[in-house]
Structure formats: structure tokens, C-alpha cells
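Peer 1:
Number of protein chains: 2
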Amino acid sequence: MAVVQQEISHPTRDELELSAVLHALSDPVRLKIVAALASEAEQSCASFDVPVTKSTCTHHFKVLREAGVIRQRQEGTSRLNTLRRDDLEARFPGLLDSVLRAA
Amino acid sequence: MAVVQQEISHPTRDELELSAVLHALSDPVRLKIVAALASEAEQSCASFDVPVTKSTCTHHFKVLREAGVIRQRQEGTSRLNTLRRDDLEARFPGLLDSVLRAA
DNA sequence: GACGTTGTACGATGATTGCCGTACCTTATC
DNA sequence: GATAAGGTACGGCAATCATCGTACAACGTC
Chain A
538 MAVVQQEISH PTRDELELSA VLHALSDPVR LKIVAALASE AEQSCASFDV
588 PVTKSTCTHH FKVLREAGVI RQRQEGTSRL NTLRRDDLEA RFPGLLDSVL
638 RAA
Chain B
538 MAVVQQEISH PTRDELELSA VLHALSDPVR LKIVAALASE AEQSCASFDV
588 PVTKSTCTHH FKVLREAGVI RQRQEGTSRL NTLRRDDLEA RFPGLLDSVL
638 RAA
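As you go down the protein sequences, you meet chains A and B in turn. For the first sequence, our numbering begins at 538 and goes up steadily by one. For the second sequence, our numbering begins at 538 and goes up steadily by one.
1) Beta strand (DSSP E) containing Arg610 of chain B: first to last residue?
2) Looking only at its chain, what residues have a beta carbon closer than 7 Å to the beta carbon of Arg622 of chain B, apart from the 5 residues adjacent to it on each side?
3) Verify the CB distance criterion: does Ala578 of chain A have a CB-CB separation below 8 Å to chain B?
4) Is the stretch 576-589 of chain B touching the stretch 572-586 of chain A, taking contact as three or more C-beta pairs under 8 Å?
5) Round the Cβ separation of Arg519 of chain B and Asp624 of chain B to the nearest angstrom and send it over; I've been treating them as touching at under 8 Å.
6) Between Arg638 of chain B and chain A, is there a C-beta pair that is closer than 8 Å?
7) For Ala604 of chain A and Glu612 of chain A, I'd like the C-alpha separation in whole angstroms.
8) I believe Glu577 of chain B touches Asn618 of chain B by the beta-carbon criterion, under 8 Å. Please report the beta-carbon distance rounded to the nearest angstrom.
9) Identify the contact partners of Asp623 of chain A in chain B, using a Cβ-Cβ distance below 7 Å as the criterion.
10) Tell me which residues share the same chain as Ala640 of chain B and place their Cβ nearer than 7 Å to its Cβ, disregarding the 5 neighbours each side in the sequence.
11) At what residue ranges does the stretch 540-611 of chain A contain a whole run of the alpha helix (DSSP H), taking only runs of 4 or more?
12) Scan the stretch 574-605 of chain A for residues whose Cβ lies nearer than 9 Å to a Cβ of chain B and list them as they occur along the chain.
13) At least one CB of chain B closer than 8 Å to the CB of Asp551 of chain A: is that the case?
14) Given this structure, state the Cα-to-Cα distance separating Leu555 of chain B from Val558 of chain A, to the nearest angstrom.
15) In this structure, what does DSSP give as the bridge partners for Ser615 of chain B?
16) Determine whether the beta carbon atoms of Arg602 of chain B and His547 of chain B lie at a separation below 8 Å.
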């Protein structure tokens, strides 16, 4: 049956909000995810070593995506994640780097 | 009557935690306070133009202080606030500047 | 001493958060 | 078609959060 692929919505570069980004980065689990994404380009959700269940993981990825920190795209059954380095750098220069350096 | 001046406790530089700092900075009211502190050295709590009541303000200053973002010292009846620029820069180089630039 | 100012302490409340389990969808493989 | 793997959706729960009002403490000033 033909099910329309549901859009994965992301904020545009202009829509990024500093407080939302800072809040997204203020959780240790999410920070760990972001750090892992920073060192290895594109990774599926299952490839992260975090001490939470699948459903909690989905929640954290949603927070990161809606804050504009990561981009997700569907690839078969898995969802591939990338850091939105360029967009973050354009809106908040130096922020991501300083957070990653401190993490 | 001799009441001992209660200590205002601050985390040491080594005790600063990235997630706590990011969380403290992720609230719009607190971000506004920090931005105001960045542009004018030492200010009393009452000098900030934020849309919340006194008691909420006390709460925000407490969050900022306990995260190590600001330092408070008593001066008569008022409490003077300063940004802990040096400590933040030492532990999380570039972080505060990038946040302030983006705010 | 009586006020006024500055700020804290202590609830209370409603919203958000982080976490989980269960059920389910989609794709791939046997 | 049955099963397995990767994820999401939904509902629930306990903890935290941002906000407020009221009461109160410390210090100046009239």
C-alpha cells in the first residue's frame, strides 16, 4: 500500500534559536551523541553507545533535530544523523566548536 | 543581635560543569541577564530589566551562581553580580564569547 | 522607632522534562 | 509468509523547572 513518506521536519537556518540549541546541548546524553557525531560523519541512531532505551533515544534525537543541531534522513529502515555544522556556525559562530572542545 | 553573615556559595573553577552552564544559559531571561552583565561590569539584582517578579529573579540568579556563571557579593542591602569571565574562559574556552556574540 | 529598599525563603502550581514499556510501522532476509 | 532489525508513537510517571505570592530579614533614612 502506498504510504506517503512522512516528512522529517527540520528548522531552517534562520529559524535556529540560541536558547533551544543551548538547551538541546545541556543534556549529557545528547551532548555525548553530538560529540560522537562530530568525530564520525553520518551515523544511524543504533550506533550510539548511550545508557538509555530505544524510545528515550528517539526522544533525544527529536530534541536535537527540532533545535536544529542535527539533520536526519531516512535510508531504508535506519535513520542517518549528521551534525548541522555549517548552519550552526553561520548562526552562532564558534559555539559548537567551543562546546565540543569542552565536552 | 549578632547574626553570622551566611556564606554565598560558589562552585570553584574546577567544579564548573558544562551541562550546568549550558542549562543556565538556555533560559531567555538568564541569557538577558548575562548579556547585560557582559556589557556593564558590576550590577545589583534590581538593575536588570527582565519581565519577571523579584522572587523569580532571585531564582534565576541562584541558577546562574550555582552553575558558576556569575559571582555574587553582598554590599549593604544589595547583592552585586559579576560575570565569571576568567573562570569560564579557563574551563570552556570561547564558549561565553560565542554565546554572547549570538545573543 | 517607623518606613522604604533590596533581596531571600518558603510554599504552591502548572508546564516541561527524561525516562520507560508497549504497540506498531517499515524494510530486509530467511 | 514469518521473523528480525531499526525506529517511531503513545501513554504514563516521577522529577525538575519557571513562575508567582506572601512573609520576612538586613540595612538606610527620615
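Don't be surprised by glycine CBs; every beta carbon is placed ideally from N, CA and C.
Peer 2: So, from the listed chains and residues:
1) Per DSSP, Arg610 of chain B belongs to the beta strand (DSSP E) from 607-612.
2) The beta carbon of Arg622 of chain B lies closer than 7 Å to those of Leu633 in the same chain, with the five residues before and after it left out.
3) Cβ-Cβ to chain B under 8 Å: no for Ala578 of chain A.
4) No: the two stretches stay apart, fewer than three of their Cβ pairs being nearer than 8 Å.
5) Since the first residue of chain B shown is 538 and the last is 640, residue 519 of chain B is not available in this structure.
6) With respect to chain A, the C-beta atom of Arg638 of chain B has a partner C-beta closer than 8 Å.
7) Going by C-alpha positions, Ala604 of chain A is about 22 Å away from Glu612 of chain A.
8) Their Cβ separation, rounded to whole angstroms, is 10 Å, which puts Glu577 of chain B and Asn618 of chain B out of contact at 8 Å.
9) In chain order: nothing, as chain B lies at least about 15 Å away.
10) Once the five neighbours on either side are set aside, the close Cβ partners of Ala640 of chain B are Leu568, Ala572.
11) Qualifying alpha helix (DSSP H) stretches, in chain order: 555-562, 565-576, 591-604.
12) Contact residues of the stretch 574-605 of chain A toward chain B are absent (C-beta to C-beta distance below 9 Å).
13) Among the CB atoms of chain B, none fall inside 8 Å of the CB of Asp551 of chain A.
14) Distance from the CA atom of Leu555 of chain B to the CA atom of Val558 of chain A, rounded to whole angstroms, is 14 Å.
15) Paired residue(s): B:Glu612.
16) Yes, Cβ-Cβ distance for Arg602 of chain B and His547 of chain B is below 8 Å.
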